[in-house]
Each structure stands twice: as structure tokens, then as C-alpha cells.
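Below is one structure, written out as C-alpha cells; the observations come after it.
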Amino acid sequence: MSDPILEMRSITKTFPGVKALQDVTLSVERGEVHAICGENGAGKSTLMKVLSGVYPAGDYEGEIVFEGQVVSFGGIRDSEHAGIVIIHQELALVPYLSIAENIFLGSEKRGKFGLIDWNLANAEADKLLKSVGLDENPTTPVGQLGVGKQQLVEIAKALSKDVKLLILDEPTAALNDTDSAHLLGLIRGLRDQGITSIIISHKLNEIDAIADHTTIIRDGQTVETLDMADESVTVDRIIRGMVGRALDSYYPERESHPGEEVMRVEGWTVKHPTQDRLVVDHASFDVRAGEVVGIAGLMGAGRTELAMSIFGRSYGTFVEGRLFMHGKEVRARTVADAIDAGIAYATEDRKKYGLNLIDDIARNNSAAALDKLSTRGFVDANEETKAAEEGRRSMNIKAPTVKSIVGKLSGGNQQKVVLSKWLLTDPDVLILDEPTRGIDVGAKYEIYTIINKLVAAGKAVVVISSELPELLGICDRVYTLSAGRITGQLPVAEADQERLMTLMTQEKELVG
Amino acid sequence: MTQTVGPTSEPEAESATAQKDNATAGALGTGTSDVRTLLSRNLRTSGIYIAFVVVVALFAILTGGTSLSPGNITNIVLQYSYILILAIGMVIVIIAGHIDLSVGSVVAVTGAVSAVLVIRHDQPWWVGVLAALAVGLAIGAWHGFWVAYVGIPAFIVTLAGMLLFRGLTLQVLNNISLSPFTPEYGKIASGFSNGLLGGNGYDAFTLLIFGVAVVVYAFSQFRTRQARVRYNQQVPSFPLFVAQIVVVAAVVMAFAWQLATARGLPYVLVILAVLILVYGVVTKRTVFGRQVYAIGGNLAAATLSGVKVKVVNFWIFVNMGFLAAVAGVVFSSRSNGAQPSAGNSFELDAIAAAFIGGAAVTGGVGTVVGAMVGGLLVGVMSNGMQLMGVDQSIQSMVKGLVLLLAVAFDVYNKRRAGSGR
């Protein structure tokens, strides 16, 4: 308890009009895994940007001591040179380049005449891949790997740079449980080799499992640093620190009164857009008014593909299947048809597929419902603003005005804009794909409350989620999906994580 | 030092109070946002206007006032009208994230078709115009088909179109120029409405038309403002609002006076004004316009919001073909004939106008009015340099640098805005 590899002292970072960090102090011991927790917008990313030189020295106040010396980084290259490597949530790999090319991008292995020695590079890459437990050929293009394996490539790349301090920003956000477990094991392994890690995560169970210390940041200030070896430090304890209050429950209470069936899908079968294989295989499910139905499945099970295919055949090649709304069959061949039929789909990737980030809240809010806000092709801008104001109020979107640019909002607030946008289409069924991915505990609770309000108003909601506790906490029924097939259906009262996981991993033959 | 620094120090707090103000302000809402906040908030969009004013003033000084003379102002309008018409279509193409390299060739081929009919086959002027427009629409549909339904990048499709329709122009004209047009046809680009109400050294009709336009503008602005107040939105304070109207009216009427004391109201200006008005409304107020911005801003999100992307893309190019044909008619009328090389590099001028006017290379951003100011900026500059007798080579270099600096300014502003949070 006295050999800090990194000390950040009294860091203050101001943006015009906003104090993003105020007097933040962080001390990381050599060879530990140090977690940083905080709600979105608390300042975690800003702090890491200060540390890695994205905000160069002079742009902030305070001092950074790394390996006993005061350092002032002018950019990312400087910090990498010192041995600090940051792996962002959005991976920075070139999909068309091979694993080895990606690993040595920017620090190529030179041979004679300054030309790249590919034999050496591939051999080195092979060693690095072994050390992170990735069994792939270094000449394989990165685009052919899944997200979990790409993450490992990023870590191999960091190791190639002789890393002393590894910063991982939400490393498991896009991973399934198996990959997450492997990654956490790897981070432990690195710790044993003497590599210090800082891990930023919303998954508090993981932090509980892996971190030695946890520093909590709230509203740009350090709240406390917890010693995870202490028995009294639990997930609840961390949450209390993050939100400044104890959440009595992660999930708001709701009384369930399912009504008439709203949507039913029968034998839905979809082929991969380019490969000759079924991604969704005769899937059938239904959802009633006032009911929240969950769809659980491991990554690659076809959850998003199923939802997008139902939503106007937005994914893959439709093979067969029938869609009923209120008992009547509908053919929704385009997204516009699906919206007309009363279906709304809020995507798992709001930045890529959900929002026009360079536009304002009002226009994003109206993007799917322009028909309702226009007469004879002319948009009523005042009604549009009014609708956005209503959305901002009912969803509690934190933004100065509805003319604020959506790209500048926090993840939770962006998600609320997405929800508000789809509610404006007045749907009967809302399919919410990972509605709480990458947003903080407080905002999650708000999203759950919104879902409860919707079902109380008679809407039907389908929730796709990787987090089983979330499904168990908010759903009435849960379907499990494995390799494109529905493998089971459980009322939430009879479900627990083990039973769901068993069904989610059930092989085709067993289902028969 | 404990005195208040003024209402502009805290933008967020200010807009919050502004909204409270509005609820009680009534139809003639009082001080809700002042000049400084308006300027700083709109620096990105107002930068181009400031640049325009600076360039106009600069050349007025450099040419000893000649550039602002009645005759010269008329000239600028006539000379750059077809670039401005192209820029209207081009900015829409660019907002949607595409580009159109073919418009110069389309100007040539539509003018050629019209010339063959009117000059060689003695058809009336309107037959030539209608034929040109039909050809333009067909070419637009051709481009739209390949871009929207086959999914080939617009850069490739229109690069092919540029070669294709230049070749077609040569075919239609048999490699020779055709001229002259009938006087009626020539009036499209060089005609003036003059003397309708008589005049004593100035054209009263021109002044009347502009006067009516200014009144209509003031009235519609007032109604918009009232509607916004009714919906509790932020509006400029009333004195500021009046000042804005007065400034616009003064500039417009000064421009009208210069025209009236020269040759009157050019028909081309009427065509241009109608197009700017119509497309201003189309881009700002219609569902179609909104979908163009949505596609350019985030294609995937637009698709998943139910925007029929293929249909919208198709019509964007049909529209570009139509406007290229209008420009083709105006240009052939102005040059009083059709030449195989007509319209060479017009596409670059139109693209430059859109980008100087604030459109973004990545799509999703841009305005018709911005593109017009961008086009006029280049026009005033070229015209001023011609008046000063600057060599063609220098003119080209200056134009290139202005384009580069305009986009650099845009990028710089965006980065500053981006680091704001």
C-alpha cells in the first residue's frame, strides 16, 4: 500500500461553461486492477482522456505522476511511449487488415532497407495471440472475427507496445458472458505478470469480481476509493456511492395485468444476407397488451436479427413466417409498413442506427413520425417542437432545449430521445433491443420506469437483453433463443438465471 | 467587478430564463435574446454572410465603386444565374451525401436539344424549353436509377454521366455550334421587364415588385414569430426583430434601386427568385426536405425510421436533372446558341458554391440560401477581378484558395463547437 504507479492530483478540467472535472484525485497501485465507476457524464472518460494525453498538458489543471515522475503528455503518442495504453469501447481496428497488420499498425516491424519484415511480424503476432489466449492465424482479417476476439486483438496490440498501464473502457459491454469471463480472466493474468489495469465498467458484478480497488466519481469529483478486499464492499455499496443514494431496488415495482394478444409471430425464418444459412429458424412468439416479454439469447443467437426482420424485413433475406397484429395477419415488407402496423423498434446501437447525431432533439424525435406532424407534405415546425418538448418532459431528457444537438447528450439521454421518437409513432408494440446498454444505473432505472408506464397504458413491450437479471427484473415472460430457434418460454416467476442459461445454450438436436 | 457582466455570460442559464420570459411575454415578446448571443450562436452559419459583406466591400473599394454600379450589379445577376440555379440542386444532392459531376454536360446537352429544335427545325421557343426540361428530367431519372436502385456511388454514376452526356451533346450538334436563337428565346436570359409603369430614369415596376416582396417578407416573418411565441419558443426581442426586417428591407431596396436605374428587372432574376423561394421551402418545411437531411445525417437511422431512402434518392437526382435543364436553357439563351463545349466545369462552380455556403462533405448539413451566398461570393469575386483586369490564371488560383479556406473555416468551427463539451 505505498507503491503507486500512477497518481493524478487535483485534476480540474473546464470546458466553456462547464466544469467537467473538479479536483479529482486518483491513485493506482502498481500491479492492481483498479476500477472506476460513475454514472454517465460523471467525468470518467474525461479523466481518462486527460491521462492519455487526448487533452494535452496545459489544457487542464493539476498534476499527473506516473512511475514517480511528473509527466505532461502532449498527445496519445507521448502517453503510449510512457507505457499507458487505452482501449476504447469502440474498438479501433481496421477490419480489412490482418491481425498482425493491426497489431503492428504504427509500429511496424522493420527489416532490411526499412521494409516491413512480415515473417517477423507474423511470428511476433503469433506469440502475442497465444499470450492472450486467442487461437487464430495472424494473417486472418480482423473483420472476420467476432467482437470478443477483436477485443483480444486490441489487448495483444497493447501488449506489443510494452504496456505498463492498461486502460479498458467498458471492455465487456459488447461481449457475451463466456467472452466476458475469458477477458476478465486475461486481465487477472496480466495483473499476475505485473501489468496494472484501470477498468471502466457499468457491470458492477464484474468489478466486484475482479477489481482490487474501486474509485467512484460523481459529478466530476472523486467520491471515494473503496478497498474491494473489504467484505462490506458490495455491489449495493458501490451503487450507493455512484448515485449518492441507495437504490432500494434495481427494478421498479409493477403489477402485471396482461390483456389481449397484440402481436404474434409464427414460424419466422430468415436467411443470412450473404451466406447460405438460417439466422432465424422457425421462431414463434407472442406478446399481449400490458405485458413485457423478454428475449434472452447469447450473442449470435439471432435476437437482433429476429427483431429487425420483423420490423419491415430490415435484416437478411425473408424466407417464411407469418406476423399477426391483433389477430389479423399483416405483411410488413418495409419499415414504413411496420410502423403503420403499429410496430416500433429501438435499436441496440443508437449511435449507428438510431439517431442522426448531428441534428437536434426535435428533429430526431420526429424522424419516424413526420406523417403525423405534417399536412400535405409540409412539416408543422411548431407542432414538432411541441412534441419534442412533451417528450423531453415525460422522458426527463436532460438538455438545455429541444434544439440541442443529440450527439452531445449522454448515452442515457440519447436513449430517452430514441424512446420518445418511437412513442411519437404511437405504436402498439415496442421492441426494445438492449435498451439499457452503456447507460448508467440511475438512467437505467428511469428507462425501466418508462417501460412500466408504457405497459400500464396498454402497450406491449418486447425487451431484448444480454443481462439476465434485467430480464428477470422487468419482464412477465421470457423466451430463450439459441442458434436462431426459440428453445423455451418461462413465466418470470418460474425463471432464474441458471434455467435461462440452460435453455439459451441448448443445442438444436436436443430441441428436436 | 461584482457588477453583472451582461446577459450573454451564461448561454444555458439564459435560454432557460428566456423560456420563462416567453410564457409571459405575449405576442410582442420582450428582450429574449440579444444581438451578441444571436451572432455567437449562429457564427457557423453567419460566417459566410460576414465573408460576403467583406468581399463586396473589398471589391467596391478596389474598383472605385464600379462593382456596385447599376450596370454591373445587373451583369453579375445575368452572368452567374445559371451557376446559382445549379447550386440549388447541387446543395440538395450534397446534403443527402452524394455529389453530381455531370451537371455541366447536362447543361450542354439540354441546351443543344433546345437549339436543334428552335434553330434547326424552326420550332417556337417554348417547344425548345419544354424539350430541354424533359431531357433534363430523363437524365436525372437515369442517374437516380443507378444511384438509388442499383446502389452505385453517385460519384461514379455522374462521372460516367459527365462523359456520356458530353458525347451526346457532340452527337446532337454534329460537332458544330448552333446560333443564333430567335429573339423570343434570347429574352429568357437577357430580357427585362421595363417601362410597364413608365419611368423617369428609373423603372417604377421593378421598385413596386421588390416593394411588394419586402412587405410579404416582413409579414410572413411576423406571423412565424407570432406562432413561435404562441408555442412558447424562444424568439429575438421585438426591437431586434424590427431592426432585422429593416436591414433586410434596406439592402433589398437598395439592390432594387440599382436594377431599376439600369435596365429594369431581369427575367432571369424572377426565375431565380422563384426557385430559391420554392426550394427554400422544400428543404426547410417539407417532409421530403427533412428526409434528405436525415439520409445525409445518418443513412442507417433514416432507413430504420421508415424513410424510403431509394425513392428519396431517386427524386433528388431527378430534381438535379430538372434544374440542370433550367440552367441549360438559361445558358443557351444567354450565349445565344449551343456549343459543344458549353457548361464545361460548371459542376465545379456549383459544388464550390454549396461548400463555400456551409454544406458538409459528409452530408446532412447545408442550406439553399447558404449555397446562393456561396455562389454569389464567387461571382462577386470573379466579376471584381475581371473589372480590375486581373489575369485569368490569378482568378483561378484565388477561387481555389477561397474554396479551401471556406471549408477550412467550417472544419475549424465544427471542431471548436465539438470540443465545447
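Top line first, the protein sequences correspond to chains A and B. full-length UniProt numbering puts the first sequence at residues 1 to 512. full-length UniProt numbering puts the second sequence at residues 1 to 421. The beta carbon of each residue, even a glycine, is placed where N, CA and C say it ideally should be.
- Judged by their CB atoms, V33 (chain A) and I187 (chain A) are nearer to each other than the 8 Å cut-off.
- With fewer than 16 other Cβ atoms inside 10 Å of its own Cβ, S72 (chain A) counts as exposed.
- In this structure, the CA atom of L166 (chain A) is about 23 Å from the CA atom of A123 (chain A).
- Out of A:V233, A:D219, A:T234 and A:T215, the CA that lies nearest to the CA of T225 (chain A) is found in A:T215.
- Listed along chain B, the residues sitting closer than 7 Å to I358 (chain A) by beta-carbon distance are G297, G364 and V365.
- For L304 (chain B), the C-beta contacts it makes with chain A under 9 Å involve M308, F311, G312, S314, V335, Y345, T347, Y353, G354 and A368, in order along the chain.
- CA-to-CA, the gap between S309 (chain A) and A336 (chain A) works out to about 13 Å.
- Residue pairing from DSSP leaves K444 (chain A) without any beta-bridge partner.
- Sorting A:G354, A:A493, A:V265 and A:L424 by C-alpha distance to the C-alpha of R485 (chain A) places A:V265 at the top.
- In this structure, the beta-carbon distance from A368 (chain A) to L430 (chain A) does not fall below 8 Å.
- Interface residue (Cβ-Cβ distance to chain A less than 8 Å): T286 (chain B) is classified as such.
- Each of A:D177, A:A82 and A:H182 was checked against the Cα of S131 (chain A), and the nearest Cα belongs to A:H182.
- Contact with chain B is found for S374 (chain A), since one of that chain's Cβ atoms lies less than 8 Å from the residue's Cβ.
- In the DSSP assignment, P4 (chain A) falls within the beta strand (DSSP E) that extends over P4 to F15.
- If one requires a minimum length of 3 residues, the beta strand (DSSP E) runs lying completely within the region 426–480 of chain A are 429–433 and 460–465, in chain order.
- Taken through DSSP and simplified to helix, strand or coil, M228 (chain A) comes out as coil.
- With fewer than 16 other CB atoms across the displayed protein chains lying within 10 angstroms of its CB, M397 (chain B) is exposed.
- Contact check for H282 (chain A) against G267 (chain A) passes: the beta carbons are separated by less than 8 Å.
- When C-beta distances to chain B are compared with 9 Å, every residue of the region 259–286 of chain A stays at or above that value.
- Non-local beta-carbon contacts of F324 (chain A) in its own chain, meaning distances under 6 Å to residues more than five positions away in sequence, involve R264 in chain order.
- Counting the other CB atoms within 10 Å of its CB gives H213 (chain A) a total of 16 or more, which places it among the buried residues.
- In this model, A154 (chain B) and A387 (chain A) are separated by some 36 Å (Cα to Cα).
- For V163 (chain A), the secondary structure class from DSSP, reduced to helix, strand or coil, is coil.
- By the Cβ neighbour-count rule, S179 (chain B) is exposed, with fewer than 16 other Cβ atoms within 10 Å of its own.
- For N382 (chain A), the nearest CB of chain B lies under 8 Å from its own CB, placing it at the interface with that chain.
- Here Y251 (chain A) carries a coil assignment [DSSP, helix/strand/coil].
- Assignment of F205 (chain B) by DSSP, reduced to helix, strand and coil, places it in the helix class.
- As the crow flies, the alpha-carbon of V107 (chain B) is around 10 Å from that of A338 (chain B).
- Close to A301 (chain B), with beta-carbon spacing below 7 Å, are these residues of chain A in chain order: Y353, G354, L355 and N356.
- For the pair L348 (chain B) and T63 (chain B), the CB atoms are not nearer than the 8 Å cut-off.
- V462 (chain A) sits away from L419 (chain A), with the two beta carbons spaced by 8 Å or more.
- A296 (chain A) sits close to L481 (chain A), with the two beta carbons spaced by under 8 Å.
- In this structure, the beta-carbon distance from V326 (chain B) to A96 (chain B) does not fall below 8 Å.
- Taking the Cα positions, L304 (chain B) is about 47 Å away from G194 (chain A).
- Interface criterion not met: the Cβ of K398 (chain A) is under 8 Å from no Cβ in chain B.
- Inter-residue distance for V56 (chain B) and P70 (chain B) is about 14 Å (C-alpha atoms, whole angstroms).
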